[in-house]
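To get our numbering, take the position in the sequence shown, counting from 1, and add 25. All residues carry an ideal CB built from backbone N, CA and C; glycine is no exception. Below is one structure, written out as structure tokens; the observations come after it.
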Amino acid sequence: MKRIKQAVRPYYRAIKATFIYCIVNYVLNLFLRHNNLLVALLKSWLTGNKLVLGKNVVLRYCRFNIHGSGNVVNIGNDCKLSGVSVYMNSGKNKLIIGQNTIVNASKRQRTLFNPCNGAEIIIGERCLFSNNIEVHTTDYHKIVSAGQRVNLPNNVKIGNHCWVGLQCLILKGTILADDVVVGAKSLINKKIEESNVIIAGNPVRIVKKDISWDF
């Protein structure tokens, strides 16, 4: 198997540029609910990345763009993801989505998970994400003060059973406890350590306590 990988790898980009490849990819995307799953699995295999799907995972309109090596995408059992875009650059990034998590987005109003610069996005179990949400671990461009970078990348961690409303922006360093509801169009860039709360605003603050929610 290792010899096959080494033999195929130099020709991958040339094959990808061919008209036949484009047609086959288009047909496969239709067959696979408009996902680029087979191409992503092949690319991950060739470039030293891992794309792991648990049991009974349902994907629709999902795109996986993984660049570099040593990256990991792990989607837990019974997840239902629609309209998800995963983008990774550089290497050694990680996206973990816990079991029974749902993303209700579409191909035109996607939800983006963007772990970059060696960082992690960890999503707990039984979470719910709406559309047009973005989750980032980096500012992409460096801000330097006194010769030192002051805006280093940082991980994002979402607890179990969290509900994130539409058009939210989740930035590096965000940590949400379990059972947190995030109001639409909120900006989250800090730790929320209290469970069973609703948070909202730009930046977010706790607006209601002692709540619960269900699908």
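Reducing DSSP to helix, strand and coil, say where K197 ends up.
coil
Rounded straight-line distance, which links the Cα of L201 to that of K182
6 Å
Quick check: what's the CA-CA separation for C104 versus A171?
Rounded to whole angstroms, C104 to A171 spans 46 Å at the Cα level.
I need the DSSP call for W238, collapsed to helix, strand or coil.
coil
With burial defined as no fewer than 16 other Cβ atoms inside 10 Å of the residue's Cβ, what is the status of F154: buried or exposed?
buried
Cβ atoms of G108 and N129: under 9 Å apart, would you say?
Against a cut-off of 9 Å, the Cβ pair of G108 and N129 comes out as a contact.
Inter-residue Cα distance where the pair is K132 and R58
11 Å
Which same chain residues, not among the five before or five after C87, have their C-beta less than 6 Å away from its C-beta?
N60, L106 and V109
Could you spell out where the beta strand (DSSP E) holding S115 opens and where it closes?
Segment: none, S115 is in no beta strand (DSSP E) and carries neither H nor E.
Whole-number beta carbon distance between N96 and G79, since they are thought to touch under 8 Å
Not quite, the Cβ-Cβ distance comes to about 18 Å (not below 8 Å), so this is no contact.
DSSP three-state assignment for S69, whether helix, strand or coil
Three-state DSSP puts S69 in a helix.
Integer Cβ distance of L120 from I146, believed to fall under 8 Å:
Contact holds; Cβ gap of about 5 Å.
For W188, does the count of other Cβ atoms within 10 angstroms reach 16, so buried, or fall short, so exposed?
buried
From the DSSP output, in three-state form, read off V64 for me.
helix
Looking at C-alpha atoms only, which residue of G143, L84, I223 and Q124 is the closest neighbour of H92?
G143
Answer with buried or exposed for R135, where buried requires no fewer than 16 other C-beta atoms within 10 angstroms of its C-beta.
By the 10 Å Cβ count, R135 comes out buried.
Residue burial classification, D204 (beta-carbon count within 10 angstroms, cutoff 16):
buried
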